[in-house]
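> Numbering follows numbering that gives the first Met the number 0, in which position 191 of the sequence shown is assigned residue number 190; successive positions increment by one, without gaps. Glycine included, every Cβ here is placed at the ideal spot set by N, Cα and C.
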Amino acid sequence: MTALITGASTGIGRDMAIYLSTLGYDLILVARNRNKLLKLKKLLPVKVKIIAADLSDPENAKRIYYVCRSIRVDLLINNAGIGDVGPFDKTSLEKELGLINLNVTALHILTKLFYRRFVCEGGGTILNVSSSAAFYPGPLMAAYYASKAYVLNLSQSLYREAKESGNGVQISVLCPGPVQTEFNKRIGVSNSFSPASSEMVAKYAIDKTLEGKFLIIPEAKMKFSIAASSLLPAEMKSKIVYMIQKNKTPL
């Protein structure tokens, strides 16, 4: 069995790679930082192929797929993603376009190409990493929240298509709350929340994916928060998120 993981050099992606190696999966690890990938490779007791690529360039997503054409891939994990904080009129357009390319376009390309391949092969699994942000409007993190809503919606649609067609492809989507990652530390999430460990989130996500679960939300408090917020008007939800986000430090 082989898993391909994007955003594999740090955080949830790195911990997914470590956990999957304990389950006997060979790995294809993708990230921008080659040195971090090499260090991770040395820790893993399985066959590991590393691909250093910046997925904010959509052409690199296509290149990764074609590099892996001759390799049997059983599990695709679209984990790579970035965020940005600040009022929409103050944030960088270039950074936001890079965010959209990485969080949306690259994920869409890899999902599309591997989904087609898995249909032809009679099966395969795709785990897309979204966020609890997908369930809310996101003032002061507008591009990030919108990108994660795209990931959730795309995954919901593909899950239904695969289920109705019986094509053998399994779709799962991970929607964690705040997680202890480098990005969240920089924007001050730990000052406002009690973030989950990336190790816990990674293990929970892999276990639930292998069980065939579609929507994966690791913590009970986040499941409750999402369920409760569905009863609120959109105006109130956006106000609550705004009050939370305004306490974060813009990058």
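#1: Scan the stretch 11-75 and note each continuous alpha helix (DSSP H) run of 4 residues or more that stays entirely inside, going in chain order.
#2: Is the beta carbon of Leu112 closer than 7 Å to that of Tyr64?
#3: Which residues in the same chain have their Cβ closer than 7 Å to the Cβ of Pro86, if we skip the five residues on either side of it in sequence?
#4: Examine the ligand ATP and report whether any of its heavy atoms sits within less than 6 Å of the Cβ of Ile99.
#5: Measuring only the C-alpha atoms, how far is Lys40 from Val47?
#6: Under three-state DSSP, which class holds Leu3?
#7: Exposed or buried, Arg68, counting other C-beta atoms within 10 Å across all chains shown (16 or more means buried)?
#8: What distance in whole Å lies between the Cβ atoms of Pro175 and Ala195, which are believed to be in contact at a cut-off of 8 Å?
#9: Measuring alpha carbon to alpha carbon, tell me which residue in Leu36, Arg31 and Leu43 is nearest Asp56.
#10: When we look at the beta-carbon of Pro217 and count the other beta-carbons within 10 Å, is it buried (16 or more) or exposed?
#11: Just to confirm the assignment, what range does the alpha helix (DSSP H) spanning Gln179 have?
#12: List the endpoints of the continuous beta strand (DSSP E) containing Ile125.
#13: Whose C-alpha, out of Leu75, Thr90 and Ala142, is nearest the C-alpha of Val128?
#14: Apart from the five residues on each side of it in sequence, which residues of its chain come closer than 7 Å, Cβ to Cβ, to Lys245?
#15: Using the beta-carbon count (16 or more within 10 Å), is Val72 buried or exposed?
#16: Does Leu214 come out as helix, strand or coil in the three-state DSSP assignment?
#17: How would you call Ser189, buried or exposed, if buried means at least 16 neighbouring beta carbons within 10 angstroms?
#18: Among Lys94, Leu173, Val168 and Glu234, which residue has its Cα nearest to the Cα of Ser131?
#19: In the DSSP assignment, find the alpha helix (DSSP H) that holds Phe113 and state where it starts and stops.
#20: When the Cα atoms are used, what is the spatial distance from Leu98 to Lys238?
#21: In this structure, does DSSP put Ile205 in helix, strand or coil?
#22: Look at the alpha carbon of Ile17 and the alpha carbon of Ile170, and state the distance between them as a whole number of angstroms.
#23: What does DSSP give as the partner residues of Ser171 in its beta bridges?
From the atom records:
#1: 33-42 and 57-66
#2: yes
#3: Leu139
#4: The ligand ATP is absent from the structure shown, which contains no ligands of any kind.
#5: Going by the C-alpha atoms only, they are around 6 Å apart.
#6: strand
#7: exposed
#8: 7 Å
#9: Arg31
#10: buried
#11: Per DSSP, Gln179 lies in no alpha helix (DSSP H) segment and is marked neither H nor E.
#12: Gly123 to Val128
#13: Leu75
#14: Exclusion of the five residues before and after Lys245 leaves Leu139 as the residues of its chain whose Cβ lies within less than 7 Å of its Cβ.
#15: buried
#16: strand
#17: Unreliable positioning characterises Ser189 in this predicted model, as indicated by a pLDDT of 48, which lies under 50. The coordinate reading is nonetheless provided below. Exposed, since its Cβ has fewer than 16 Cβ neighbours within 10 Å.
#18: Leu173
#19: Taken as a continuous stretch (DSSP letters only), the alpha helix (DSSP H) holding Phe113 covers Leu106 to Glu120.
#20: 24 Å
#21: helix
#22: 22 Å
#23: Leu126
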